[in-house]
Structure formats: structure tokens, C-alpha cells
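Engineer: In terms of numbering that gives the first Met the number 0, the sequence shown opens at residue 0 and continues consecutively.
Before I ask anything, let me first share the structure, which is written out below as C-alpha cells.
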Amino acid sequence: MYFPLLRGKQYELIALKELSTIVPNDLFKPVIEPVRKNLKQLEVAVKLLNKNKIIPIIIVNSEIGELKGNTNNFINNLYNIKGISFIPCIKYIDDIQEFDRLNGIINGEKASYVESGVTKELVSRLKVFSINIIPEGSPNIVLQQLSNIVLMDDPFKKKKRNADYPSNSYFSDLHVRYSGVHNSVIGFGDFNIAGSDYAESGGPAYVVTIHVSYLDSNEFDAMSVRHFSSVDDGTPSNPSGKFQQALEKLVLHDQNFPKFFDNTSGLRGFKSLHARRHYPGLGQVKQLSMQHHIETICNFIAV
């Protein structure tokens with residue numbers, strides 16, 4: 000099963016809502032790390048996921064965005080939302096006492112998420128969790144002592160400037176090999192084409208780049224990413240025109256190599272924008288890339 004980790008920003012949540020009606024519920028279980036104090040968009044997304052029989056994992060002690068230092072209030076507000084089903088997840092953030100405190104107040108089924116390495120001190124504590132999200136590449140001794148492990152990878156090589164992206168970059172083969180890592184592993188995840196570094200928003204768009212994931216049959220179905228970029232004119236002006244430049248490159252590539260990318264809702268969304276010559280804003284561009292990435296992986300593991 001695929002456990003993509005997305006931050007609870009507007010377009011990430013919209014991507015999940017769109018995918019909830021497309022991807023079968025036995026293929027993916029999203030991990031949501033909230034970033035906003037206002038939970039309305041999160042509530043709407045979770046309700047639609049639930050409607051399609053998807054129970055997401057929600058990190059209850061996010062320390063990014065507006066939620067830094069607001070764990071108790073967030074937990075109270077989250078549990079006061081009526082009519083939603085989710086698995087609470089406690090993230091270990093280098094504070095074993097806080098981890099123990101949260102473990103003591105959250106009852107029932109719950110998940111853990113260890114972003115850095117799993118220490119000996121943590122292993123015994125993680126055995127009570129129904130799902131353990133730990134870093135890809137964790138030592139075999141850790142895999143032997145835990146159950147229901149999800150391997151979380153962060154392979155996207157994010158650049159400071161869009162102009163620095165090559166035309167193509169390798170992503171990961173974890174979707175191919177995760178089931179053979181250890182019998183305690185039940186799934187895998189990644190940070191999509193966003194990477195784990197969090198930013199409220201991007202800088203000025205001197206170059207617009209569209210990231211499109213694909214499975215490389217010549218590399219045993221490993222995933223790579225094509226980067227379609229506009230021309231760098233040295234100014235942050237005209238993002239709409241720059242988007243059209245990048246989009247034209249994507250559509251031309253798809254026309255020349257019609258089966259190169261999976262035919263996903265995200266890819267069809269890009270084609271629709273091209274046909275209408277419409278620029279929706281960079282938030283929706285990222286949303287479509289994320290949808291395409293998740294759906295491509297789910298198509299692979301469905302086979």
C-alpha cells in the first residue's frame with residue numbers, strides 16, 4: 000500500500016479530494032501533516048476521503064506552518080470535528096517526553112512517525128502502535144523488532160531555483176521493492192514532487208517548471224521525473240506566459256511519446272489547461288503534478 004505524505008495546504012488537500020473518487024481505497028492511505036489552525040479545509044477533505052472508504056492518517060503534533068507550539072489546541076479542535084474517521088499519528092520530534100505524553104493521552108488505534116533514525120530508546124515504545132512510519136533504509140534490526148512498518152522516503156531533489164532542474168531526474172524504486180525488504184513492511188511513502196522541506200509559498204517565478212513523474216521500463220519500472228521548464232527571461236513577470244511555455248513542452252512530449260506517462264487525472268488536467276490556454280495559478284499546477292504522481296504509483300501497485 001502507498002502512504003503518500005502531504006502537507007495540509009489548500010491544493011494538497013484538493014489533490015486528495017480529487018484522488019479519493021479515482022484511486023481504490025486498498026491502494027493508498029494518505030498521511031496528512033496539517034499546517035493551518037483553521038481546520039475547515041482539512042475537515043472537508045477527510046469527509047470526502049471517508050465517503051470513499053479511505054481512512055487517512057493525520058499527524059496530531061505538526062510543528063510546521065501555523066501549528067508550531069499549538070499541539071494541544073490542535074488535538075482538541077481535531078477531535079471536536081464530528082463525523083470524520085482518521086488514524087491519529089504521533090510524530091517523534093527529538094523529544095521522548097513529549098512523545099510519551101502524547102502517547103498517553105491518545106487512545107485506540109494510532110500511528111507513529113519517526114522522521115529521523117529509530118533509536119534503541121524508541122523501539123520498545125513503537126511496539127504499541129498499529130502503524131509505524133520510519134525512514135527508508137532503517138537498519139534490519141529495527142525492522143525485525145517492529146510490525147506494520149511503512150518505509151518513508153524523501154527522494155525528490157528539490158532545487159532552489161526552477162532554472163536549475165535538469166530535463167530528467169531519478170526519483171525512486173521503493174514502489175518496486177518495498178514488499179521484499181522485510182515481512183514486517185506493509186507499505187511505503189514519499190513526499191511526492193514537493194520534498195520534505197516545508198515552505199509557505201515559493202519565491203518569484205523567474206522560471207515555471209512542471210514536474211511529471213513516470214515509470215521507466217528500461218530501469219525495471221523505477222520512477223523518474225521529467226521537468227518541463229519555461230525560458231529564463233531574468234524577470235519574475237508573466238507567470239501565465241511562462242506556464243504556457245512549460246505546458247507546451249509537456250504536451251508536445253506527450254504527443255510524441257503517447258504512452259510515456261500514465262494517463263492519469265493529473266495529466267488530463269494539464270491537457271485540458273493546454274486546450275483552453277488557461278493559467279490556473281501555480282498552486283493548481285503543483286496539485287495536478289501531485290495527483291499524477293500518486294495515481295501513477297497506485298496504477299503500478301494495482302497490477
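Glycine included, every Cβ here is placed at the ideal spot set by N, Cα and C.
If we require 4 or more residues per run, which alpha helix (DSSP H) segments fall completely within the segment 3-88?
Structural biologist: If one requires a minimum length of 4 residues, the alpha helix (DSSP H) runs lying completely within the segment 3-88 are 9-19, 39-50 and 70-78, in chain order.
Engineer: Of all the options ASP25, ILE58, ASN167 and THR20, which has the alpha carbon lying nearest to the alpha carbon of LYS46?
Structural biologist: The sequence position of residue 46 within the sequence shown is 47, counting from 1. Nearest C-alpha to LYS46: THR20.
Engineer: State the DSSP-derived secondary structure class of VAL141, mapped to helix, strand or coil.
Structural biologist: Translated into the one-based positions of the sequence shown, residue 141 becomes position 142. Helix at VAL141.
Engineer: Helix or strand or just coil, what does DSSP make of PRO134?
Structural biologist: Your numbering for residue 134 matches position 135 in the sequence shown. Correct three-state label for PRO134: strand.
Engineer: Which residue's Cα is closest to the Cα of LEU272: LEU287, PRO235, ASN262 and PHE260?
Structural biologist: Reading the sequence shown from its first residue, position 273 is the one you call residue 272. Closest by alpha carbon: LEU287.
Engineer: I'd like the span of the beta strand (DSSP E) that includes ASP215, first residue to last.
Structural biologist: Locating residue 215 in the sequence shown gives position 216, where the first residue counts as 1. Unbroken beta strand (DSSP E) run through ASP215: 208-215.
Engineer: What separation, rounded to the nearest whole angstrom, lies between the Cα atoms of SER228 and ALA198?
Structural biologist: Taking the first residue of the sequence shown as position 1, residue 228 is located at position 229. Taking the first residue of the sequence shown as position 1, residue 198 is located at position 199. In a straight line, the C-alpha of SER228 is about 21 Å away from that of ALA198.
Engineer: Please tell me whether LYS52 and ASN24 are closer than 7 Å, where the distance is taken between their beta carbons.
Structural biologist: As a first step, residue 52 must be located in the sequence shown, where it is residue number 53. As a first step, residue 24 must be located in the sequence shown, where it is residue number 25. Contact flag set, yes.
Engineer: Sort LEU214, ASP261, GLN283 and MET222 by Cα distance to PHE242 and report the nearest one.
Structural biologist: To locate residue 242, count along the sequence shown from 1; it is residue 243. Among LEU214, ASP261, GLN283 and MET222, the Cα nearest to that of PHE242 is on GLN283.
Engineer: Can you tell which of GLY188, HIS181, ASP232 and PRO235 has its C-alpha closest to the C-alpha of LEU173?
Structural biologist: Translated into positions along the sequence shown, residue 173 becomes position 174. Each of GLY188, HIS181, ASP232 and PRO235 was checked against the Cα of LEU173, and the nearest Cα belongs to GLY188.
Engineer: Taking TYR112 as the reference, give the member of ASP152, GLY179 and ILE74 with the closest Cα.
Structural biologist: Stepping through the sequence shown from its first residue, residue 112 is reached at position 113. When only C-alpha atoms are compared, the closest one is ASP152.
Engineer: Give the secondary structure of ASN278 by DSSP, where H, G and I count as helix, E and B as strand, and everything else as coil.
Structural biologist: Counting from 1 along the sequence shown, the entry for residue 278 is found at position 279. Per the sequence presented here, residue 278 reads as Tyr, with Asn not at that position. In this structure, TYR278 counts as coil in the three-state DSSP scheme.
Engineer: Which two residues bound the contiguous beta strand (DSSP E) that contains ILE148?
Structural biologist: Residue mapping note: residue 148 aligns to position 149 of the sequence shown, counting from 1. Segment 148-151, the beta strand (DSSP E) holding ILE148.
Engineer: What are the partner residues of MET222, as DSSP defines its beta bridges?
Structural biologist: Locating residue 222 in the sequence shown gives position 223, where the first residue counts as 1. Paired residue(s): SER171 and LEU214.
Engineer: Below 8 Å, can you find three or more Cβ-Cβ pairs linking the segment 255-273 to the segment 289-298?
Structural biologist: yes
Engineer: List the residues that DSSP assigns as beta-bridge partners of PHE260.
Structural biologist: Walking along the sequence shown from the start, residue 260 turns up at place 261. According to DSSP, which records beta bridges pairwise, PHE260 is partnered with nothing at all.
Engineer: Find the nearest neighbour of ALA204 within the set ILE133, ASP231 and ARG100, judged by alpha-carbon distance.
Structural biologist: For the purposes of this step, residue 204 is taken as the residue at position 205 of the sequence shown. Among ILE133, ASP231 and ARG100, the Cα nearest to that of ALA204 belongs to ASP231.
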